[in-house]
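Take a look at the structure below.
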Amino acid sequence: MKILVVGSGGREHALCWKIAQSPLVSRVYCAPGNPGVASLAKGESVPLGAEDFEGIAALIEEKDIGLTVVGPENPLAAGIVDYLSARGEVVFGPSAAAARLEASKAFAKDFMSRHGIPTANAAVFEDPETARRYVRAHGAPVVIKADGLAAGKGVTVAKTLEDALSALDLIMERRVFGDAGTRVVIEEYLEGEEASILALCDGEQVLMLPTSQDHKPVFDGDQGPNTGGMGAYSPAPVITPALETEIREKILEPTVRGMASEGTPYRGVLYAGLMITKSGPRVVEFNVRFGDPETQAVLPRLESDIVSALTACAEGRLDTVKLTTSSRPCVTVALVSGGYPGSYEKGKVITGIDAAQQDPDVTVFHAGTAKAGDQLVTAGGRVLNVTALADTLEEAVKRAYHAVSLIHFDGMHYRKDIAHRALNRTQ
Ligand code: AMP
Ligand code: GLY
45 MKILVVGSGG
55 REHALCWKIA
65 QSPLVSRVYC
75 APGNPGVASL
85 AKGESVPLGA
95 EDFEGIAALI
105 EEKDIGLTVV
115 GPENPLAAGI
125 VDYLSARGEV
135 VFGPSAAAAR
145 LEASKAFAKD
155 FMSRHGIPTA
165 NAAVFEDPET
175 ARRYVRAHGA
185 PVVIKADGLA
195 AGKGVTVAKT
205 LEDALSALDL
215 IMERRVFGDA
225 GTRVVIEEYL
235 EGEEASILAL
245 CDGEQVLMLP
255 TSQDHKPVFD
265 GDQGPNTGGM
275 GAYSPAPVIT
285 PALETEIREK
295 ILEPTVRGMA
305 SEGTPYRGVL
315 YAGLMITKSG
325 PRVVEFNVRF
335 GDPETQAVLP
345 RLESDIVSAL
355 TACAEGRLDT
365 VKLTTSSRPC
375 VTVALVSGGY
385 PGSYEKGKVI
395 TGIDAAQQDP
405 DVTVFHAGTA
415 KAGDQLVTAG
425 GRVLNVTALA
435 DTLEEAVKRA
445 YHAVSLIHFD
455 GMHYRKDIAH
465 RALNRTQ
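Residue numbering for the sequence shown follows this note's numbering, beginning at 45 and increasing consecutively.
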């Protein structure tokens with residue numbers, strides 16, 4: 045069987061890497077892919093944009109691809125699954141209507157309220173003056189969110205009234221996120237520890253993947269601006285087995301039932317970003333795809349064949365799937381370009397990946413890399429995800445950072461405290 049993964053980051057390299065391990069698979073294509081994907085024995089990057097639906101459909105036909113897995117949110121929100129399904133293709137991912145759970149925060153909030161799914165109290169505004177009045181009456185801390193897709197940058201956790209008003213100004217008046225800022229969601233600030241839950245959903249059933257935790261701020265100790273994710277680890281001990289059951293019963297199952305009852309069944313991977321508060325888990329956000337970099341820490345722990353699981357999910361047969369997970373923890377550390385998430389330079393030569401991968405439990409996933417002649421160079425903010433499995437979390441962290449110490453590019457930055465919450469918990 046041949047598989048196509050749509051996207052080009054660390055998440056897509058990890059998906060291709062795991063898919064290529066399946067004995068069912070003869071070839072994995074990735075559009076547009078990256079040099080990491082191309083280096084897999086069964087892997088091949090195809091220079092097609094993730095939103096070039098026609099090009100992707102032609103590729104599926106030409107290569108006789110049996111399953112397409114969509115990585116990023118933008119093509120999902122733009123209807124790639126509807127487009128390819130209408131042509132009779134088997135696609136893993138939600139329809140555009142179901143992808144509104146991520147593409148419109150206002151839709152997600154209303155949906156959760158209709159179905160009694162625990163989340164922060166919120167109000168939605170289209171008029172800037174009414175929004176300002178609400179914020180002044182509410183006071184800080186408060187969270188201001190652009191309604192639409194803003195590449196993870198549309199959220200401000202405002203500690204002061206001034207910060208909240210300036211976030212409203214940026215989103216609604218200056219329109220720095222374009223149409224994503226037509227509406228804002230103003231939300232109660234939730235206190236607690238965050239965790240990410242990924243679950244396969246086939247429209248009716250839910251199968252949870254191992255838990256994980258991301259690290260969004262760019263500097264150690266959660267300082268500095270938010271990024272796409274500076275590292276992750278799995279499992280996240282903040283999610284106890286009792287909480288896992290509560291999350292399934294109070295969040296994931298009601299979401300899938302609710303989407304089905306509204307005529308927009310949810311198929312694909314549902315990512316619930318949660319805050320574990322004193323009064324229980326609350327949804328901070330839904331994403332309609334695999335998390336990046338959570339996927340890089342979760343998939344190495346998966347012992348089952350991912351291809352049978354994704355195919356069964358896409359075909360509505362999730363009840364036939366049982367997933368087994370390794371008890372060994374996994375850590376992934378993002379190596380990023382100096383300056384990221386602000387502006388940064390590209391084209392820096394990367395060395396040391398082969399040396400880092402001498403350890404059989406270390407895998408280096410490419411996120412933003414390119415080939416310049418024979419050399420591998422940086423081509424994005426997040427450049428590599430250095431990933432290690434080990435018998436304990438401490439050991440996995442040690443191995444990941446040892447591997448990191450062997451890799452170099454000019455301006456390379458990374459957080460040195462990935463997994464600190466879990467490590468401090470066990471001390
Ligand atoms: P999002 O892009 O929606 O994941 O939000 C980015 C980050 O903002 C989240 O990972 C949280 O750390 C934080 N955040 C979002 N909503 C809230 C909230 N209601 N209370 C506290 N923190 C929040
Ligand atoms: N790790 C955050 C995200 O995938 O949105």
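C-beta: ideal position from N, C-alpha, C; glycine also.
(message) Less than 8 Å separating the Cβ of Gly80 from some heavy atom of the ligand GLY?
(response) The residue given as residue 80 occupies position 36 in the sequence shown. Outside the cutoff, so no.
(request) Could you work out which residue in Met216, His259, Ile109 is closest to Arg465 when comparing CA atoms only? (result) Taking the sequence shown and counting its residues from 1, the one referred to as residue 465 is at position 421. Measuring C-alpha to C-alpha distances from Arg465 to each of Met216, His259, Ile109 identifies His259 as the nearest.
(message) Within 10 Å of its beta-carbon, does Asp153 have 16 or more other beta-carbons around it, so buried, or fewer, so exposed?
(response) Within the sequence shown, residue 153 is the residue found at index 109, counting from 1. This sequence places Lys at residue 153; Asp is not what is there. With 16 or more Cβ atoms within 10 Å of its Cβ, Lys153 is classed as buried.
(request) Return the residue from the list Phe453, Ser148, Cys245, Lys86 that minimises the CA-CA distance to Pro309. (result) Counting from 1 along the sequence shown, the entry for residue 309 is found at position 265. Measuring from the Cα of Pro309, the nearest candidate turns out to be Cys245.
(request) Take the Cβ of Pro119 as the centre, count every other Cβ of all protein chains shown within 10 Å, and call the residue buried at 16 or more, exposed below. (result) Residue 119 sits at position 75 when you count from the first residue of the sequence shown. Around the C-beta of Pro119, 16 or more other C-beta atoms lie within 10 Å, and the residue is accordingly described as buried.
(request) Please confirm if the stretch 424-443 is in contact with the stretch 397-413, defined as three or more CB-CB distances below 8 Å between the two stretches. (result) Touching, yes.
(message) For Ser278, list the residues DSSP reports as bridge partners.
(response) Position 234 of the sequence shown, counted from the start, is the residue given in the question as residue 278. Note: Ser278 sits in a beta bridge opposite Cys374.
(request) Rounded to whole angstroms, what's the CA-CA distance from Thr431 to Val228? Just pull it up for me. (result) For the purposes of this step, residue 431 is identified with residue 387 of the sequence shown, where counting begins at 1. For the purposes of this step, residue 228 is identified with residue 184 of the sequence shown, where counting begins at 1. Taking the straight line from one Cα to the other gives about 36 Å.
(message) Given the structure, does Tyr315 come close to the ligand GLY, in the sense that its CB is under 8 Å from one of the ligand's heavy atoms?
(response) Counted from its first residue, the sequence shown places residue 315 at position 271. Yes, the ligand GLY has a heavy atom inside 8 Å of this Cβ.
(request) Just list the alpha helix (DSSP H) runs in the stretch 350-427, keeping only unbroken ones of 4 residues or longer that don't cross its boundaries, in chain order. (result) Those alpha helix (DSSP H) runs which fall completely within the stretch 350-427 and span 4+ residues are 350-358, 397-400.
(request) Would you mind working out which of Asp108, Glu95, Asp435 sits nearest Tyr73, comparing C-alpha positions? (result) Your numbering for residue 73 matches position 29 in the sequence shown. Nearest C-alpha to Tyr73: Asp108.
(message) Taking the straight line between their C-alpha atoms, what separation do you get for Val262 and Gly132?
(response) Residue mapping note: residue 262 aligns to position 218 of the sequence shown, counting from 1. Residue mapping note: residue 132 aligns to position 88 of the sequence shown, counting from 1. Cα to Cα, Val262 sits roughly 43 Å from Gly132.
(message) Between the alpha carbons of Ala239 and Asn468, how many angstroms are there, rounded?
(response) For the purposes of this step, residue 239 is taken as residue 195 along the sequence shown, with counting starting at 1. For the purposes of this step, residue 468 is taken as residue 424 along the sequence shown, with counting starting at 1. Within the model, the alpha-carbon separation for Ala239 versus Asn468 is close to 16 Å.
(request) Tell me whether Gly198 counts as near the ligand AMP, meaning its Cβ is closer than 8 Å to at least one heavy atom of that ligand. (result) As a first step, residue 198 is located in the sequence shown; it is residue number 154 there, counting from the start. The answer is yes for Gly198.
(message) Does the beta-carbon of Lys149, which I'm using as the reference point, lie nearer than 8 Å to any heavy atom of the ligand AMP?
(response) Counted from its first residue, the sequence shown places residue 149 at position 105. For the ligand AMP, at least one heavy atom lies less than 8 Å from the Cβ of Lys149.
(message) What does the Cβ neighbour count give for Asp336, buried or exposed, with the cut at 16 atoms within 10 Å?
(response) As a first step, residue 336 must be located in the sequence shown, where it is residue number 292. Buried, because 16 or more other Cβ atoms sit within 10 Å of the Cβ of Asp336.
(message) Quick test of your reading: Glu248 and Val313, contact by CB under 8 Å. State the CB separation rounded to the nearest angstrom.
(response) In the sequence shown, residue 248 corresponds to position 204, counting from 1. In the sequence shown, residue 313 corresponds to position 269, counting from 1. Actually they are not in contact, since the Cβ atoms of Glu248 and Val313 sit about 15 Å apart, beyond 8 Å.
(message) What does DSSP give as the partner residue(s) for Thr112 in the beta ladder?
(response) As a first step, residue 112 is located in the sequence shown; it is residue number 68 there, counting from the start. Note: Thr112 sits in a beta bridge opposite Leu48, Val135.
(request) Indicate, with yes or no, if the ligand AMP has a heavy atom lying under 8 Å from the CB of Met319. (result) Here residue 319 refers to the residue found at position 275 when the sequence shown is read from its first residue. True, at least one ligand heavy atom lies under 8 Å from that Cβ.
(message) Closest to Pro298 by C-alpha separation, out of Pro67, Leu437, Ser157, Gly93, would be which residue?
(response) Your numbering for residue 298 matches position 254 in the sequence shown. When each option's Cα is compared against that of Pro298, the closest is Ser157.
(message) Given 8 Å as the limit, tell me if Lys189 has its C-beta closer than that to any heavy atom belonging to the ligand GLY.
(response) As a first step, residue 189 must be located in the sequence shown, where it is residue number 145. No, the ligand GLY has no heavy atom inside 8 Å of this Cβ.
(message) Which residues does DSSP list as the beta-bridge partners of Cys30?
(response) Since the displayed the chain opens at 45 and closes at 471, residue 30 lies outside it and no answer follows.
(request) For Gln471, collect the residues of the same chain with a Cβ closer than 7 Å to its Cβ; drop the 5 residues on either side in sequence, then sort them by chain order. (result) Taking the sequence shown and counting its residues from 1, the one referred to as residue 471 is at position 427. Confidence at Gln471 is low in this model, with a pLDDT of 46, below 50, so the placement of that residue should be treated as unreliable; the coordinate-derived value is given next. Cβ neighbours of Gln471 beyond the five flanking positions: none.
(request) Report yes or no: do the stretch 408-422 and the stretch 71-86 share at least 3 C-beta pairs separated by less than 8 Å? (result) Contact holds: three or more Cβ-Cβ distances are below 8 Å.
(request) Check the C-beta distance from Gln257 over to Tyr233 and give it rounded, since I have them as a contact under 8 Å. (result) Translated into positions along the sequence shown, residue 257 becomes position 213. Translated into positions along the sequence shown, residue 233 becomes position 189. That pair is no contact at about 19 Å.
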